[in-house]
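> Residue numbers (this note's numbering): 184 to 702. Beta carbons are placed, not taken as given, at the ideal position from N, Cα and C, and that holds for glycine. These numbers were taken from a predicted model, which means no experiment stands behind them. Before anything else, here's the structure in question.
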Amino acid sequence: MSSQDKIRKLIELREQARLGGGIKRIEKQHAQGRYTARERIDMVLDEGSFEEFDMFVSHRCTNFGMEKTTFLGDGVVTGHGTVDGRVVYIFSQDFTVFGGSLSETFALKICKVMDQAMKVGAPVIGINDSGGARIQEGVMSLAGYAEIFQRNIMASGVIPQISAIFGPCAGGAVYSPALTDVVIMSDKTSYMFVTGPKVTKTVTGEDISVEDLGGATVHATKSGVAHFRADDEDEGLMLIRKTLEYLPQNNLEEPVQTECSDPADRLDDELNDIIPVNPNQPYNVKDIIYTIVDGEQFLEFHRHYAKNIVVGFAKFDGMPVGIIASQPNYLAGVLDIDASRKAARFVRFCDAFNVPIITLVDVPGFLPGSIQEYGGIIIHGAKLLFAYGEATVPKITITLRKSYGGAHDVMGSKQLRGDLNYAWPTAEIAVMGGKGAIEILEGRNIKKIEDPEEKAKYAAKKEAEYTEKFANPYQAAKYGFIDDVIEPRNTRFRIIRGLRTLATKKDLNPPKKHSNIPL
Ligand code: HXC
184 MSSQDKIRKL IELREQARLG GGIKRIEKQH AQGRYTARER IDMVLDEGSF EEFDMFVSHR
244 CTNFGMEKTT FLGDGVVTGH GTVDGRVVYI FSQDFTVFGG SLSETFALKI CKVMDQAMKV
304 GAPVIGINDS GGARIQEGVM SLAGYAEIFQ RNIMASGVIP QISAIFGPCA GGAVYSPALT
364 DVVIMSDKTS YMFVTGPKVT KTVTGEDISV EDLGGATVHA TKSGVAHFRA DDEDEGLMLI
424 RKTLEYLPQN NLEEPVQTEC SDPADRLDDE LNDIIPVNPN QPYNVKDIIY TIVDGEQFLE
484 FHRHYAKNIV VGFAKFDGMP VGIIASQPNY LAGVLDIDAS RKAARFVRFC DAFNVPIITL
544 VDVPGFLPGS IQEYGGIIIH GAKLLFAYGE ATVPKITITL RKSYGGAHDV MGSKQLRGDL
604 NYAWPTAEIA VMGGKGAIEI LEGRNIKKIE DPEEKAKYAA KKEAEYTEKF ANPYQAAKYG
664 FIDDVIEPRN TRFRIIRGLR TLATKKDLNP PKKHSNIPL
């Protein structure tokens with residue numbers, strides 16, 4: 184064979200590999216509104232940057248006559264490329280080859296990119312579209328999954344790991360995405376569950392559809408498994424690129440500061456009037472976020488889950504930050520189980536990757552009641568407390584309005600190593616609200632008054648006295664728990680100045696094997 188023939192053969196083999204499971208299956212994929220594994224890679228990476236590994240790998244299985252059916256690449260496309268010029272590693276499961284099911288060699292391919300990503304210190308993007316364990320390969324497939332899980336665990340907090348789910352992801356296969364930092368699901372075309380509808384029906388009698396059991400809406404609203412529900416794959420792929428913009432390549436690097444055309448000293452006069460006069464009236468904290476950040480750009484995580492707290496990435500003068508904000512517009516911004524879990528995970532995500540944390544506080548307290556107590560609000564609230572207290576990145580907390588009780592301590596307080604704690608003049612920092620406080624402090628005296636009118640008058644007077652004394656930022660400022668009371672319109676500027684000053688901050692936790700966060 185001449186060299187030319189050999190090169191021709193190489194080109195033919197490459198073309199064959201690029202076809203995956205063949206034209207018919209590609210057409211079926213397209214007909215369902217889904218891209219192929221390769222199309223997804225091309226869309227998420229910078230144009231022409233993809234370098235593929237292991238195109239010629241095929242499976243080694245001989246069970247059920249499998250040796251007669253092999254496909255080059257064996258159902259997963261792997262390699263590396265760049266996103267905005269920065270190196271990323273990627274694997275993309277190819278549903279056209281054995282339904283994207285995971286074989287021994289399929290797992291080895293994924294492990295290879297994960298291992299190299301760890302050595303290089305670059306993020307890993309995983310695109311999931313798979314029928315799960317390759318049934319013909321039995322335990323080899325289970326072992327393959329476990330090899331990937333182990334790598335996900337070792338990579339956690341070292342390199343960013345982002346998962347997109349664009350098709351089936353069922354059984355134990357769900358645990359690889361679940362171990363990663365960000366899960367994006369495409370609406371209507373993806374699902375995730377440990378046990379599918381058929382087995383669910385057999386075991387429990389519950390009759391439920393695929394979508395209702397594990398569709399993107401369920402995981403974006405009820406379980407919190409998905410950080411993003413994308414309208415379609417295009418949006419999902421864009422979200423991967425967007426998320427990476429705020430993250431460093433690994434835990435030893437800082438997030439990249441970008442050029443910013445939004446003036447750092449911009450004053451936002453409208454913020455001076457944004458807090459309603461009535462302390463029980465809600466407002467939308469996102470209006471404040473969009474006003475103070477660069478160019479009104481806020482990448483919100485978990486938008487549809489635990490809406491009483493808002494979390495996401497933004498930039499200040501080009502510096503990436505994570506924002507955690509109470510949302511008075513939903514359940515008065517109270518902290519409950521879901522909000523605590525959501526925010527705790529986000530705080531730890533930011534801290535792991537050196538992203539400073541900005542906290543906007545308007546929290547009336549923890550949600551009372553048996554549902555919360557039986558559900559373990561103590562342990563879940565402790566997660567958030569732990570996450571804040573453990574975080575060593577720059578932490579800037581702005582108290583907008585309420586900051587009551589335990590929730591005050593939890594939400595980035597000075598004593599949890601808050602670096603800059605500012606309050607607006609509208610802040611109310613106290614053990615509890617006036618009404619509750621007076622019931623406890625004055626209950627006995629109030630009971631003694633027989634005339635209902637006099638009773639109400641006395642209670643109102645005492646409540647007003649309490650509110651006057653405690654519902655302000657100056658008690659906390661008096662003790663230095665609040666570093667300064669600031670005019671709301673200066674918030675952007677004060678945060679930017681704080682971030683610049685804290686850029687060289689060093690803080691350490693004592694050496695230990697690992698903490699025992701209340702999981
Ligand atoms: C081998 C598989 C496969 C699998 C699909 N295929 N799943 N091959 N192992 N797990 C093949 C099909 O035989 C078919 O091959 C092709 O992929 C496309 O599958 P279809 O069924 O035609 O596609 P569709 O109708 O879209 O249905 C998709 C599906 C279904 C819902 C995913 O294929 C399915 O239910 N598959 C089995 C899922 C499953 O039970 N997996 C094991 C879960 S347990 P041809 O040649 O016809 O194109 C598990 C444990 C993991 O994963 C444990 C980790 C710790």
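Using the C-alpha atoms, what's the distance from S359 back to P380?
The C-alpha of S359 is placed about 21 Å away from the C-alpha of P380.
> Please confirm if E222 has its CB atom under 9 Å from at least one CB of chain B.
This model lacks chain B altogether; it includes just one protein chain.
> Could you check if A606 belongs to the surroundings of the ligand HXC, using beta carbon to heavy atom distance under 8 Å?
no
> When you compare only the Cα positions, how much space is there between G478 and M301?
Straight-line spacing of the CA atoms in G478 and M301 works out to 34 Å.
> Assess, as a yes-or-no matter, whether the stretch 257-266 is touched by the stretch 224-232 under the definition of 3 or more beta carbon pairs within less than 8 Å.
yes
> Give the range of the beta strand (DSSP E) segment to which H263 is assigned.
It spans V259 to V266 - the beta strand (DSSP E) in which H263 sits, taken as one unbroken run.
> Inspect the beta-carbon positions of D451 and R217 and report whether they are closer than 9 Å.
no
> For E483, report the span of its beta strand (DSSP E) as first-last.
Under the DSSP assignment, E483 falls in the beta strand (DSSP E) whose first and last residues are F481 to F484.
> So, is M502 buried or exposed, given that buried needs 16 or more other C-beta atoms within 10 angstroms?
buried
> So, are the CB atoms of M238 and R197 less than 9 Å apart?
yes
> If you reduce the DSSP assignment to three classes, tell me which class Y272 lands in.
DSSP, reduced to helix, strand and coil, places Y272 within a strand of the structure shown.
> Roughly how far, in whole angstroms, is the beta-carbon of A606 from the beta-carbon of V668, given that I think they are within contact range, below 8 Å?
Contact holds; Cβ gap of about 5 Å.
> For the putative contact between L430 and P343, defined by C-beta atoms under 8 Å, what is the C-beta separation to the nearest angstrom?
5 Å
> Is K585 buried or exposed, if buried means 16 or more other CB atoms sit within 10 Å of its CB?
buried
> Taking the alpha-carbon positions, what's the F289 to G203 distance?
13 Å
> For the ligand HXC, is there a heavy atom less than 8 Å away from the beta-carbon of L430?
no
> Is it the case that the Cβ atoms of D298 and R334 are separated by a distance below 9 Å?
yes
> Which of helix, strand or coil does DSSP assign to C294?
helix
> Identify whether D667 lies in helix, strand or coil by the three-state DSSP scheme.
Shown here, D667 sits in a strand according to DSSP, grouped into three states.
> Any idea if D747 is buried or exposed, counting beta-carbon neighbours within 10 angstroms, 16 or more meaning buried?
Absent from the model: residue 747. The displayed extent of the chain is 184 to 702, so no value can be given.
> By Cβ distance, which residues of its chain are closer than 8 Å to A647, with the 5 residues on each side in sequence left out?
G617
> Is it the case that the CB of R243 approaches a heavy atom of the ligand HXC more closely than 8 Å?
The beta carbon of R243 sits no closer than 8 Å to any heavy atom of the ligand HXC.
> I'd like the span of the beta strand (DSSP E) that includes F254, first residue to last.
Run containing F254: none; DSSP gives neither H nor E here.
> Three or more beta-carbon pairs under 8 Å between the stretch 515-534 and the stretch 568-576, yes or no?
yes
> Got a sec, what are the start and stop residues for the alpha helix (DSSP H) V227 sits in?
A220 to V227
> Within a Cβ cutoff of 7 Å, which residues of the same chain sit near Q510, ignoring the five residues on either side of it in sequence?
V468, K490, N491, I492, V493 and G516
> What span of residues does the beta strand (DSSP E) with N604 cover, start to end?
L603 to A606
> Exposed or buried, which one is V307 when buried takes at least 16 other CB atoms within 10 Å?
Counting the other CB atoms within 10 Å of its CB gives V307 a total of 16 or more, which places it among the buried residues.
> Just to confirm the assignment: which complete alpha helix (DSSP H) runs, minimum length 4, are found wholly within the stretch 488-559?
520-535 and 553-557
> Hey, how far is the Cα of F233 from the Cα of K566?
40 Å
> What does a CB cutoff of less than 7 Å around L422 pick up in its chain, not counting 5 residues either side in sequence?
I367, F411 and A413
> Does the ligand HXC have even one heavy atom less than 8 Å from the beta-carbon of I194?
no
> Quick check: does the Cβ of L255 come within less than 8 Å of any heavy atom belonging to the ligand HXC?
Taking the Cβ of L255 as the reference point, every heavy atom of the ligand HXC lies at 8 Å or farther away.
> Expressed to the nearest angstrom, what Euclidean distance is found between the alpha-carbon atoms of S185 and I273?
35 Å
> Write down the C-beta distance between T279 and Q212 rounded to the nearest angstrom, noting that I regard them as a contact closer than 8 Å.
6 Å
> For G258, I'd like the list of residues in its chain whose CB is within less than 6 Å of its CB, leaving aside the five on either flank, ordered along the chain.
D277, V280, F281, G283 and F289
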